[in-house]
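> Going by the working numbering, the first residue of the sequence shown is number 172, and it counts up by one from there.
Where is the CB? At the ideal position from N, CA and C, for every residue including glycine.
The model shown is predicted, which means the values in this text are computed figures rather than measured ones.
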Amino acid sequence: MGQMSHKNSSGLRIAQIVLGLIAIGVSIGIIVYPGAGMATIVFLLSIALLAVGFERIVMGIFPNHTKSSRAGNIVLGLLAVGLGMAVIFYPVGTSYFLISLLAVGLLFLGIARIIQGFTNKHISGWARALAIGVGILCLAISFAIFASPLTGAVFLAVILGVCLLIVGIEAVVNGVSGRGNILTSASNAVGYGK
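1. Quick test of the definition: if touching needs 3 or more C-beta pairs under 8 Å, does the stretch 332 to 343 touch the stretch 184 to 202?
2. Leaving out five residues on either side along the sequence, give the residues of the same chain with a beta carbon under 6 Å from the beta carbon of Thr265.
3. What whole-angstrom Cβ distance do Gly323 and Ile303 have, given they're in contact under 8 Å?
4. Out of curiosity, what's the CA-to-CA distance linking Ala186 and Leu331?
5. Quick one: what does DSSP say Asn179 is sitting in, helix, strand or coil?
6. In terms of alpha-carbon separation, which member of Leu249, Arg299, Leu215 and Ile307 lies closest to Pro262?
7. Does the separation of the CB atoms of Phe225 and Gly191 fall below 8 Å?
8. Taking C-alpha atoms, which residue in Asn345, Phe233 and Tyr267 lies nearest to Ala318?
9. Considering only the alpha carbon of each residue, which of Leu327, Ile285 and Ser180 lies closest to Ala274?
10. So, using beta-carbon positions, are Ile188 and Gly346 closer together than 8 Å?
11. Residue range of the alpha helix (DSSP H) that Phe233 falls in?
12. Return yes when the Cβ of Ile270 is within less than 8 Å of the Cβ of Pro234, no when it is not.
13. Got a sec? Which residues, its chain only, sit under 6 Å from Leu280 by beta carbon, not counting five neighbours each side?
14. Is the beta carbon of Ala151 less than 8 Å from the beta carbon of Arg227?
15. Report yes if the C-beta distance between Gly231 and Ala242 is below 8 Å; otherwise report no.
16. Helix, strand or coil: how does DSSP classify Ala210 here?
17. From this set, Leu183, Leu221, Ser313 and Tyr204, which residue's C-alpha is nearest Phe260's C-alpha?
18. Please report how far the alpha carbon of Ile316 lies from the alpha carbon of Ser348, in whole angstroms.
19. According to the neighbour-count rule (16 or more other Cβ atoms, all chains shown, within 10 Å of its Cβ), is Ala311 buried or exposed?
20. Label Leu117 either buried or exposed according to how many other C-beta atoms from any shown protein chain fall within 10 Å of its C-beta, with 16 as the threshold for buried.
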């Protein structure tokens with residue numbers, strides 16, 4: 172039994188290192204070529220919409236649901252497939268739409284943070300100042316994205332690249348150190364009463 176867990180552990184560690192290095196390589200590529208990052212987001216969105224759409228259509232075809240449920244599944248599935256195809260055929264428009272959503276989200280987030288900073292008397296002064304500062308930063312980024320969608324695309328791609336870089340580094344460190352991830356360690360500790 173001990174050998175079996177050792178083999179699984181070394182296999183897991185190798186997988187973590189290899190996948191972490193892949194994530195680091197992809198993240199550097201996205202940071203250096205932000206257009207590729209945006210194209211990746213659009214491509215993954217289209218694949219997800221197509222997969223979900225076809226899944227809904229299949230659910231609607233099989234007679235294990237009510238007639239209205241089946242019709243709803245088919246209609247929503249066709250809508251998702253149509254949107255997925257639109258994303259594939261109009262990637263630039265989809266990119267601008269995603270960038271606009273990012274800008275609107277940051278706008279609302281910035282407003283909410285500023286309001287929280289001014290009105291929440293239950294947090295310390297430095298936390299209130301930080302909330303206001305983060306809100307102003309979110310508003311500034313939002314306005315910059317509205318002013319230049321290309322800036323928004325680059326910003327979105329760089330954020331994606333940085334996130335992948337951090338995840339890749341974490342995976343490599345976990346693989347090299349043999350510690351695994353936090354959830355596995357926590358579940359083992361609970362399971363064995365440690």
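Checking against the coordinates, here is how it stands:
1. yes
2. Residue numbering aside, residue 265 sits at position 94 when the sequence shown is read from its first letter. Val213 and Val258.
3. As a working note, residue 323 is residue 152 in the sequence shown. As a working note, residue 303 is residue 132 in the sequence shown. Taking a contact as a CB-CB distance under 8 Å, the pair Gly323 and Ile303 does not count as one, their CB atoms being some 23 Å apart.
4. As a position in the sequence shown, residue 186 is number 15, starting the count at 1. As a position in the sequence shown, residue 331 is number 160, starting the count at 1. So the two alpha carbons sit approximately 22 Å from each other.
5. One-based indexing of the sequence shown puts residue 179 at position 8. Because Asn179 sits at a pLDDT of 47, beneath the cut-off of 50, its placement in the model cannot be relied upon, and the point is left open.
6. Residue mapping note: residue 262 aligns to position 91 of the sequence shown, counting from 1. Checking every option, the nearest Cα to that of Pro262 belongs to Leu215.
7. Residue 225 sits at position 54 when you count from the first residue of the sequence shown. Residue 191 sits at position 20 when you count from the first residue of the sequence shown. Cβ atoms of Phe225 and Gly191: not closer than 8 Å.
8. Within the sequence shown, numbered from 1, the residue matching residue 318 stands at position 147. It is Tyr267.
9. Residue 274 sits at position 103 when you count from the first residue of the sequence shown. Residue nearest to Ala274 within the set Leu327, Ile285 and Ser180 is Leu327 (criterion: CA-CA distance).
10. In the sequence shown, the residue the question calls residue 188 occupies position 17. In the sequence shown, the residue the question calls residue 346 occupies position 175. It is a contact, given that the beta carbons lie within the stated cut-off.
11. Working through the sequence shown from its first residue, we reach residue 233 at position 62. It is not in any alpha helix (DSSP H) - Phe233 carries neither H nor E in the DSSP assignment.
12. Within the sequence shown, residue 234 is the residue found at index 63, counting from 1. Within the sequence shown, residue 270 is the residue found at index 99, counting from 1. In this structure, Ile270 does not lie closer than 8 Å to Pro234 by Cβ.
13. The residue given as residue 280 occupies position 109 in the sequence shown. Only Cys309 meet the Cβ criterion.
14. Only positions 172 to 365 of the chain appear in this structure, which leaves residue 151 out of reach.
15. One-based indexing of the sequence shown puts residue 231 at position 60. One-based indexing of the sequence shown puts residue 242 at position 71. Yes. Within cutoff.
16. Working through the sequence shown from its first residue, we reach residue 210 at position 39. Three-state DSSP puts Ala210 in a helix.
17. In the sequence shown, the residue the question calls residue 260 occupies position 89. Phe260 has its Cα closest to that of Leu221, out of Leu183, Leu221, Ser313 and Tyr204.
18. Numbered from 1 along the sequence shown, position 145 holds the residue referred to as residue 316. Numbered from 1 along the sequence shown, position 177 holds the residue referred to as residue 348. Distance between the alpha carbons of Ile316 and Ser348: 41 Å.
19. Walking along the sequence shown from the start, residue 311 turns up at place 140. It is exposed - the Cβ of Ala311 has fewer than 16 other Cβ atoms within 10 Å.
20. In this structure the chain extends from 172 to 365, so residue 117 is not present and cannot be described.
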